[in-house]
Ligand SMILES: [Zn+2]
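Numbering (this note's numbering), first residue to last: 87 to 259.
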């Protein structure tokens, strides 16, 4: 199932003074790899984001990549983003790797949708990835890192989590 193009994702490319907007179709399924509670804490990160930050590290580790978001200095907040319809941003620069998730979005999003947005923004802020717009013949985005400026749709559910997370972490291979 796809969601309306109500919430957009965006990255604030602080270093290169360029901003871009994403929109993505998400699912309403309320299950994901992310547990409700984190076993790890993250400095200067909203506690509600901890399970998703930890899930990101675990998903990376399962694929042989070690990312310590504390060591990387990733910070994160959940607050109102006034830019209409924007669900999340990553401010990325020499001394800043800051994830912001829109509080209105957070309140209504399923766990999967939350995971999708957090993983997308960490794709920018932690992995240093840009956007990837490729789609398959059915019109589905091949990457969680799609910008949403094309027509591709994301179907992020328990059947394709592994595919999208493989693509997220293994894109350089
Ligand atoms: Zn983005």
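For every residue, glycine included, the Cβ atom is placed at its ideal position computed from N, Cα and C.
No experiment lies behind these values; they were computed from the predicted model shown.
Endpoints, the alpha helix (DSSP H) within which residue i is located
i: residue 300; result: Residue 300 is absent from the model: the chain starts at 87 and stops at 259.
i: residue 141; result: 136–148
i: residue 86; result: One cannot answer for residue 86 here, as it falls past the ends of the chain, which runs 87 to 259.
Straight-line gap, residue i to residue j (C-alpha atoms, nearest Å)
i: residue 142; j: residue 244; result: 15 Å
i: residue 250; j: residue 236; result: 18 Å
i: residue 114; j: residue 247; result: Confidence at residue 114 is low in this model, with a pLDDT of 44, below 50, so its placement is unreliable and no value can be given for it.
i: residue 169; j: residue 187; result: 12 Å
i: residue 148; j: residue 256; result: 11 Å
i: residue 206; j: residue 238; result: 15 Å
i: residue 242; j: residue 202; result: 7 Å
i: residue 108; j: residue 220; result: Any reading at residue 108 needs caution, since the residue's pLDDT is 42, under 50, leaving its predicted position unreliable; the model's value is listed next. In a straight line, the C-alpha of residue 108 is about 14 Å away from that of residue 220.
Identity of the residues DSSP links to residue i by a beta bridge
i: residue 210; result: For residue 210, which the question treats as bridged, DSSP gives no partner whatsoever.
i: residue 204; result: For residue 204, which the question treats as bridged, DSSP gives no partner whatsoever.
i: residue 238; result: Paired residue(s): none; residue 238 is not in a bridge.
i: residue 226; result: 239
i: residue 129; result: According to DSSP, residue 129 bridges with nothing at all.
Distance CB(residue i)-CB(residue j) smaller than 9 Å
i: residue 189; j: residue 167; result: yes
i: residue 160; j: residue 184; result: yes
i: residue 200; j: residue 120; result: yes
i: residue 174; j: residue 139; result: no
i: residue 229; j: residue 254; result: yes
i: residue 128; j: residue 213; result: no
i: residue 176; j: residue 208; result: yes
i: residue 137; j: residue 122; result: yes
Residue span of the beta strand (DSSP E) that contains residue i, given as start and end
i: residue 152; result: No beta strand (DSSP E) holds residue 152; DSSP gives it neither H nor E.
i: residue 82; result: What is shown of the chain runs 87 to 259, which leaves residue 82 out entirely.
i: residue 164; result: 161–165
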